[in-house]
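Numbering (my numbering), first residue to last: 145 to 295. A virtual CB, placed ideally from N, CA and C, is assigned to each residue, including glycine. See below for the structure under consideration.
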Ligand SMILES: [Zn+2]
Ligand SMILES: [Zn+2]
Ligand SMILES: [Zn+2]
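Okay, here's the thing in structure tokens:
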């Protein structure tokens with residue numbers, strides 16, 4: 145399933161999820177929702193300063209990112225250490241393990257969902273070696289359709 149970016153109505157998203165965000169958390173979430181590319185904590189530090197005309201320490205931003213990630217509003221891309229707003233914020237369907245297609249050319253990210261059969265298969269394969277899977281997040285690096293078409 146591929147979904148377009150949800151509307152940027154933070155209040156609506158949070159109400160639906162039963163999450164309440166402090167103003168600072170809302171600000172960080174807003175920056176991520178508005179961004180076309182994933183951002184690192186350092187990127188966010190810069191953007192925050194420019195946008196809200198007040199500096200927030202990177203450590204505080206990390207703590208906020210941890211909260212937003214744990215709430216399921218934001219995903220962390222482990223391979224690039226950057227953060228992106230979830231693409232399924234206003235969907236009714238169950239949010240299974242998210243997979244990410246990361247474009248090496250424009251840094252754009254597409255969030256996709258794989259079938260649960262495929263997850264099961266990978267998990268079973270790992271467990272057969274005695275390995276306990278704790279995170280099933282795939283990050284595929286390549287070139288997106290838009291970039292392929294312009295090259
Ligand atoms: Zn998501
Ligand atoms: Zn969805
Ligand atoms: Zn691209």
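Inset, instruction - May I ask you to verify whether the segment 183-195 touches the segment 258-270, counting CB pairs closer than 8 Å and requiring at least 3? - result: no
Review point. Does the segment 163-172 come close enough to the segment 234-253 that 3 or more CB-CB pairs lie under 8 Å?
Key: Cβ pair count under 8 Å is below three, so no.
Proximity winner among 194, 199 and 205, relative to residue 185 (alpha-carbon distances)
205
inquiry  = Mapping the DSSP letters down to three states, classify residue 160 as helix, strand or coil.
reply    = helix
Worksheet item: Is residue 247 helix, strand or coil when you go by DSSP?
Response: strand
Validate contact between the segment 229-238 and the segment 263-274 using beta carbons, cut 8 Å, 3 pairs | Verdict: no, contact absent.
Alpha-carbon to alpha-carbon, residue 253 and residue 224
11 Å
Runs of beta strand (DSSP E) lying entirely within the segment 182-257, each at least 3 residues, in chain order: 218-221, 226-229, 242-247 and 253-257
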